[in-house]
Amino acid sequence: MASTPPAPAVAPSLVDTLFQRSLNDLVKSLRADPSAAGEAAAVARALSEIHREIRAPDAATKSVALQKLAYLSSLHFAPVGSHPLAFAAIELLASPHLPHKHLAYLAASLSLHPASLSLLPLATHQLHKDLSPSAGAAHQQHVSALAFQLLASPAATAAPDLPVHLAHDLVQHLARGSPRAIAAAARVIAASPSAAVPVLFKPLAACLASPDPRASTAAAAAFCDLSAPPADATPFLPLAPDLYNLLTTSRSNWALIKVLKVFARLAPLEPRLAARIVDPVCQLLTRSSAMSLTFECIRTVLTALPAHDAAVRLAIGKAKEFIAAADDPNLRYLGLLALGMLGPAYASTVNDCRDAIAKSLGDADTNIRQEALHLIMGMVNENNVVDIAGMLISHVAKSDPEFANDILGAVLAACGHNVYEMVVDFDWYVSLLADMARTLHCAQGDEIGRQLVDVGLRVQDARPELVRSARTLLIDPALLGNHFLFPVLSAAAWISGEYVDLTKDPVELVEALLQPRTSLLPISVRAVYIHAVFKVITWCFSVYVGRLGDSGMAMDVMFDRLAPDQTVSLDSNVALGSGEEQDIGASTVRKDPFSHESILYMIDLIQTTVGPLINCNEVEVQERAHNLIGFVHLVREIQELNKRKVADGDEPSRLKELVKTMRTVFCQELGPVSVNAQMKVAPPDGLILNENLVELAGMVSEDDTTPSTSIFFYPCSRHSVDTRDEPAVSIGSSSLSEHRKRHGLFYLQTGKTEDEPNDYPQANDSLPSSSNNSVINDDKSKTAELVFAGKKSTATKSRPKVVKLDTEDFLSSVMPSANVPKEDPLSGALRDVLLGSDAKALSSQRASDINLEGMLNKTSSNESSSHLIENLGSYPASRSSRTTSKQQNDDKEKGTNPRESDGKEPRKHRSSGRSGHRQGKHKHREKSSTQPDTIPQASVIQDFLL
Amino acid sequence: MINFVLLISRQGKVRLTKWYSPYTQKERTKIIRELSGLILTRGPKLCNFVEWRGYKVIYRRYASLYFCMCIDADDNELEVLEIIHHFVEILDRYFGSVCELDLIFNFHKAYYILDEILIAGELQESSKKNVARLIAAQACNPHIWLTYLFVFA
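Sequence lines, in order, name chains A and B. Residue numbering for the first sequence follows our numbering, beginning at 44 and increasing consecutively. Residue numbering for the second sequence follows our numbering, beginning at 129 and increasing consecutively.
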């Protein structure tokens, strides 16, 4: 059979008809060669056959061809031109033979889709005929059933005029209570409400009260479909009595589920309804043995009847039973889903089953784990965030990578929400962030890094702990191999550079920042590392020079007093003067990071490791390396300084000045700035950006080394370095040096670099030999530190101030301390250029007045906001050299309309404080949720009902 | 409401598709590819629901066939599981311990049965006896037998 001879003529011959392949043959030929190519060939051959056969005048041949085509198009998605199929199907719709008709309807409902609707109107007449009762005959019921099938198929409902023409034909079938007619009518109403509702709604509603359970079930299902969420359920409120009747009398679970669904949508619309249905629903809940119905009852109670406490408790009890179902993952999942529907009012009840939910975190099923995570994140509040986050992080290690990152993401999002409003203990949070970064599958480096920097900028009290955490991150060489952690390391480097005055051991920090494995870092992060080294060395110099100036010789005395503690350091201290054995032991260096030899050691390290980077072909790194090496060259004379002690007074003062200048470059504190800050600055009158931009070209080319950054900083006064300078407790060398001891092989041999200047003393790598002493000290101090840390975390302390933008307390705190100049030369110059040459006469002061006026019109809090604007507009040029790759985007204002946020919001906040935020947010949510409720369909149905 | 019904074999071959919402041919192919990847990889002791693009796909495996139905997010999952089981029981009764090959070679009959059970994405005949009677009535129709004799002769 498989070898049907190709037909010579276009018209099918009798031979073709007699030896036509049946569907069975087609399926066999397709299965004969399961490979993709063989199948494609078989499909192509069958299609060419079908195209010939389907034109046969004989209905039988045609129907078999149609059957094969339907098979191919439904299962193999053969590129069937829809026309031959559709046309043949419509031809056969008229066949008097039921099987042909059946096939034709099947083919039509299978293969018609919105793209191939052009032929459907042809079927309208046939459908009309098949639906009319006059067709008589024994098969009338079957025929009309087939017609309903086609009417209910998506293709027919997408055809614009079909329902309009056939709506009247449906009415009599609805009156008989035919379930298929009811389903078809629901689809017709959904497809074209304006035409169908006046005709069909009433008969359909009558079916609800039908004594035939099949009809009432079908009607309940139909109304459940019609009232489904995108539609408005209000027009179905008048059906409530019938539905209630069904709810109390029906014994069909199928019908009850649908009725409950409709009630769940109606109850919020009509307050009296909830009180009526709560009893029957509770009865069903306790009585029913069918899990599907029980779950539907739970869902109805939890979503639609939240005010009925007893019912809710009953439902929660059932949901807990679901969660406890050990053998059925479906029930566990649904139980969690049900608890997730509970509002915040029952948070404590959910909290009760925290253990069960936490157990679900380890479930084999991803759905269950996700749902459990969702639930747990829902119950987080200020009091339990520490417990929950700790529990979740402990789960991370046990989970697969994907879910581990889901957990991390959820914790980060919850804690970072609304400027860390849930976090009270920032020391804890910072160490949590560091722990997260170190978990095995962590891929959330971007967010962790961003939050580390953000916390640093916003929470002053958290900075010591931040620096400590950054240190532990930086000194671990293993972390450098994980590319997910690069953003975290970048943030850690930035933090330890920026808040270097809080660091305990700058020497160790420099070592960590310059360790050999940093070559694994991407360029952007290396640049941050080098810049951090710059900051550290600048600070060390400034402290060193400060002491030198203050105490002169006294420093050496102090240093001598320290030295006798260890013989090694004493030796090296004595031997310091002679150039050839400048064996600066690590222990000595670490005793006092600001001693002469510590500084020398750092300079050595910098020159050997950063020196080669001057030739790096990545500009970012090259530029930083140049900066750093340049600075090192400048302060080289510190060497001679020490030799000559305080021989002449001129040199140290010059050096001091240099170091002080460098220090001031970095000493202004950075703070967060709203991402919308730029929008708040009203453009001055007469500014036409497109025309005047050319004049900026000169300025830009002068100073275009400053990369555009996505973070904006503004300076606010920082109290002097010395006040914050903690007594530098030497915690000694650390895991870095231990690592170096163990894997010394992988470390660069310092001092063998070729391009090192000759006149400079060679760096030493005597670390492994001489650090014995320090390691012991190390352990002691480490344990001490641990104890200290433990004590600190247990002690109850008040929440530190978190800098938030636009809040009144923040502004008032900034205002008195902000000694920012009213007009900054840079911004003034910019404004002059922007305004054009004729506007130059206007002083820049005037321009700011214009701004101020604009703000006055908008807001009453003009003073504070204008100050803020001044702050924004005038960040000093010296600060602009800072770069960082961190995106700072979690400002509270993110996503809000700039027009709304410029002034009106602050006023609200001032009056109601923090709750004001929530109100504002709710408002937004309400607005967005009410919008889609208005649909055109609603009014039509409403009119009819009235 | 059920948006579509898919029968997929363990090897990822599609055995039956029925669409109750409008999808283009391209979308259909994409959906089948996505869902086979999602469902066939799931282990045996997991729950029968898969969240997919804001919908839920309820699936159940019988021998080598996965029966999948896609429903809206707020539909009743357990009800659909029962519908699947209902469908399988009727197939079983009709074919007499149904197997995959039965569905492959009698694809149109599987459709007829499904059409008796579901219309417009809603269960419309919950009585197994009724469905069996209706299908049998069609099968016993003399016209049908004549045609089949003629066609398959």
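C-beta atoms are modelled at their ideal positions from N, C-alpha and C, and glycine is treated no differently. Owing to the predicted nature of the structure, the values given are computational and were not obtained by experimental measurement.
For D76/A, the closest Cβ of chain B is not nearer than 7 angstroms. By alpha-carbon distance to H168/A, the top candidate from Q192/A, I232/A, H208/A and H185/A is H208/A. Annotation: the continuous alpha helix (DSSP H) that includes S259/A extends over P256 to L269. Residues of the stretch 372-384 of chain A that bring their beta carbon within less than 9 angstroms of a beta carbon in chain B comprise P372, N373, L374, R375, Y376, L377 and L380, in sequence order. In the displayed model, I580/A falls within a helix according to three-state DSSP.
Straight-line measurement puts the Cα of D212/A at about 10 angstroms from the Cα of A228/A. Residue burial is scored here from C-beta neighbours: D370/A has fewer than 16 other C-beta atoms within 10 angstroms and is therefore classed as exposed.
I247/B is not a Cβ neighbour of A248/A, given a cutoff of 7 angstroms. In the structure shown, the three-state DSSP call for I263/B is helix. When the beta-carbon positions are compared, I241/B and V208/B stay at least 7 angstroms from each other. Taken through DSSP and simplified to helix, strand or coil, S253/A comes out as coil.
The alpha-carbon of S72/A is positioned some 20 angstroms away from that of K105/A.
Here E205/B is buried: its Cβ has 16 or more other Cβ atoms, across all protein chains shown, within 10 Å. Taking a C-beta distance under 7 angstroms as the contact criterion, Q487/A and L451/A qualify as a contact pair. Within chain A, the residues placing a beta-carbon under 7 angstroms from that of E210/B are S335, ordered along the chain.
Straight through space, the alpha carbons of L286/A and K141/B are spaced by roughly 43 angstroms. Listed by position along chain A, the residues whose Cβ is nearer than 9 angstroms to that of M129/B are A264, C267, D268 and A271. A distance below 7 angstroms separates the beta carbons of A166/A and L136/A. Contact between L290/A and F338/A does not hold, since the beta-carbon distance rounds to 16 angstroms and is not under 8 angstroms. Judged by DSSP in its simplified three-state form, S137/B adopts strand.
The CB of S149/B comes closer than 8 angstroms to the CB of P197 in chain A, given here in chain order. Across the stretch 217-239 of chain B, CB contacts with chain A closer than 8 angstroms involve I232, F233, F235, H236 and Y239, in sequence order along the chain. Under the three-state reduction of DSSP, M197/B is assigned to strand.
Inclusion of A513/A and I538/A in the CB contact set at 7 angstroms is warranted, their separation being smaller than that value.
H526/A and V510/A have their C-alpha atoms roughly 22 angstroms apart.
By the C-beta density criterion, S117/A is buried, having at least 16 other C-beta atoms within 10 angstroms. I186/B has F177/B and M197/B as its beta-bridge partners, per DSSP. The count of Cβ pairs closer than 8 angstroms, one atom from the stretch 296-308 of chain A and one from the stretch 255-271 of chain A, reaches three, so the stretches are in contact.
In the structure shown, the three-state DSSP call for K699/A is helix. In terms of Cα proximity to L149/A, the closest of I232/B, Y222/B and D243/B is D243/B.
DSSP places K146/B in the uninterrupted beta strand (DSSP E) bounded by V142 to W147. Following the DSSP letters along the chain, one finds L556/A inside the alpha helix (DSSP H) bounded by residues P549 to L556. Here H351/A has V321 as same chain residues with Cβ atoms under 6 angstroms from its own Cβ, once five neighbours each way along the sequence are excluded. Residue-level contact by beta carbon holds for I247/B and chain A, with a gap shorter than 7 angstroms. Between K578/A and F674/A, the gap from beta carbon to beta carbon reaches 7 angstroms or more.
Contact with chain B is absent for L209/A, since none of that chain's Cβ atoms lies less than 7 angstroms from the residue's Cβ.
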